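Going by the numbering used here, the sequence shown opens with residue 3, and the numbers climb by one from there. Note that beta-carbon positions come from the ideal geometry of N, C-alpha and C, so glycine has one too. Note that the coordinates shown come from a computational prediction; the quantities given were computed from them, not determined experimentally.
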Amino acid sequence: MPNTIVLGSQWGDEGKGKIVDGLAANADVVVRFQGGANAGHTVVVEGKKYVLHLIPSGILSKTAVNIIGNGCVVDVIELAAELEYVAKEGLEVTPQRLRVSGGAHMVTPFHRLFDQMLGAHIGTTGRGIGPAYRDKARRVGVRLESLVDDTWRDKVKTLGEEYRHLARCVYDQEFPPVEEIIAQMEPAVAVVKEFVGDTQAELFEALQAGKSILFEGAQGTLLDIDHGTYPFVTSSSTTIGGAYTGSGVFVDFDHRIAVVKAYTTRVGNGPFPTELTDEMGALLQKKGHEFGATTGRPRRCGWLDLPLLARSAMANGFNEIALTKLDCLSGIDPIKVAVGRTPSGEIEYVELPGWSENIESVQKVGDLPEACKDYVQFIEDQLGIPVRWVSVGPDRAQTMTREIP
Ligand code: GDP
Ligand code: IMO
Ligand code: MG
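Rendered as structure tokens:
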């Protein structure tokens, strides 16, 4: 059975959740391997909207087993709340359908507070992601396996005392007492511990059995800790390498899918060469409803940047593209696309003709306006990667497959 990885090719929010949901119908296992509740993946099914942060988008497929891998950082309070949310939405989430790696690291309220205190210059989501990965790297992190052997309280206590000390002595801030935080975590821990297991072995077994595995990336390649626009990045490996370290198995991916938004967006601070700070940027933001699914912050908008996408492909070995939000470009004419940089660093654009038609209800790629088809073809030709899916709206039904000759 084919194995697939879906990755963000830009700065996140490309529509990964939607693409994963579409593919999950044919997957036995869906795996998140990095990041945490900084992600916000929106899936719309028959007009009903679901926003997921930690639970893989495969939960909507009703049959796939979903795994939160060891490379993720898990806020147990957040996960318990998300479990409640999906249950309320009528989705069945049992410990058979959702597995959480004991090797994943815990995000505690102390990590959140620390992130909120210090993350402003990056414009983080304030979800405690950076501090949790920091503790993983300095080998004082609390892994989820400690929920099962019941050692988490002592570990959180030691860590919490350190954070309180740091906050007080260096930043002149008072963090809540450790006992208060632990008490806050207790009910969530009781819920989450039922889902914790050895996902590496479970995933390996699924692979051996020839099951079809689908990996769901969070964030995007340009937010990768190594390959992104450092230091304006997240703290995990969002690229294909992260799938291996973050799950503990080798998978020979048949489909390495780049989710590419038809223009570019970015939330938070950092460089954005094709950013539009004029009315065109405002128009894209309005047409694309570009507000973050996690923080509600407005997303910065700009033209598509092909050289950056080529870099992104370099890091991931993409062999297919899922092009999203093409509908949001309707009515914009001409459409600019960055194709290079001059020796002095100026961006080189080409102008492509736009189209005026609303394409939200188009069902076949062949029925798209000519200029729209040309836009898709231009991206494919420039990147040398086939555009296999075209998305023209948020709903599950608004995705078309494109035949590659
Ligand atoms: P993710 O983080 O990559 O999963 O993306 P988000 O869910 O954060 O952001 C993508 C947003 O665009 C969501 O609100 C989706 O419902 C929406 N979306 C996805 N694909 C399309 C599309 O083709 N057209 C339009 N108009 N919206 C889309
Ligand atoms: P999904 O999975 C867009 C951005 C933040 C900030 C930087 C670091 O929905 O595509 P962090 O909280 O991770 O330390 O913040 O990364 N960021 C995202 N931007 N989509 C995301 O996730 C993001 N997750 C983090 O805005 O600039
Ligand atoms: Mg998102």
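Using C-beta distances below 6 Å, list every residue in its chain close to residue i, excluding the 5 sequence neighbours before and after it, in chain order.
i	result
Tyr351	Lys338, Ala340
Ala169	Gln175, Phe177
Thr236	Gln221, Leu225
Cys330	Lys289, Gly290
Ala190	Val78, Ile79, Ala82
Sorry if obvious, but does the Cβ on residue i come closer than 6 Å to a heavy atom of the ligand MG?
i	result
Asp15	yes
Ala295	yes
If we count the other Cβ atoms within 10 Å of its Cβ and call it buried at 16 or more, is residue i buried or exposed?
i	result
Gly298	exposed
Lys327	buried
Met316	exposed
Glu218	buried
His107	buried
His113	buried
Val31	buried
Thr307	The sequence as given places Asp at residue 307; Thr does not occur at that position. When all chains shown are included, Asp307 counts as buried.
Asp137	buried
Lys90	exposed
His167	exposed
Ser358	exposed
Thr279	exposed
Asn360	exposed
Pro396	buried
Gln98	exposed
Ser363	exposed
Gln365	exposed
So, at 8 Å on beta carbons, what are the nonlocal neighbours of residue i in its own chain, with the 5 sequence-adjacent residues on each side left out?
i	result
Ser411	Limits of the chain in this structure are 3 at one end and 407 at the other, which puts residue 411 out of reach.
Gly319	Ile242, Arg258
Asp152	none
Asp376	Leu354, Pro355
Val144	His107, Met108, Thr110, Asp137, Trp154, Lys157, Val158, Leu161
Does any heavy atom of the ligand GDP sit closer than 6 Å to the C-beta of residue i?
i	result
Arg42	One detail in the question is off: residue 42 reads as Gly in this sequence, not Arg. Within the cutoff, so yes.
Asp329	yes
Ser393	yes
Pro371	no
Thr326	yes
Pro300	no
Pro396	yes
Lys366	no
Gly19	yes
Enumerate in chain order the residues of its own chain whose CB-to-CB distance from residue i is below 7 Å, with the five nearest sequence positions on each side excluded.
i	result
Leu311	Ser11, Val262, Leu385
Asp174	none
Asp256	Pro4, Asn5, Thr6
Ile57	Asn68, Glu84, Val88, Leu100
Gly121	Gly128, Gly132
Arg390	Glu322, Ile323, Ala324, Thr403, Arg404, Ile406
Asp27	It should be noted that the sequence gives Ala, not Asp, for residue 27. Cβ within range, chain order: Ser63.
Gly42	Val53, His55, Gly294, Ala295, Thr296
Gly244	Phe35, Gln36, Gly73, Ser238
What does DSSP give as the partner residue(s) for residue i in the beta ladder?
i	result
Phe217	Ile7, Val33
Tyr232	Looking at the DSSP assignment, Tyr232 forms no beta bridge with any residue, so it has no partner.
Tyr52	Val45
Thr403	Trp391
Met108	Val76
Arg258	Ile7
Phe293	Pro300
Ala324	Val261, Trp391
Asn68	Val32, Leu100
Val339	Leu306, Val352
Arg268	Arg302
Val198	Val102
Glu277	Gly304
Arg145	His107
Asp397	Val46
Can you find a CB in chain B that lies within less than 7 Å of the CB of residue i?
i	result
Gly37	The structure shown contains no chain B; it is built from a single protein chain.
May I ask you to check if the CB of residue i is nearer than 6 Å to at least one heavy atom of the ligand IMO?
i	result
Ala139	no
Gln12	no
Thr236	yes
Ile227	no
Val269	yes
Thr240	no
Gly132	yes
Gly60	no
Ile215	no
Ala122	no
Gln221	yes
Gly125	yes
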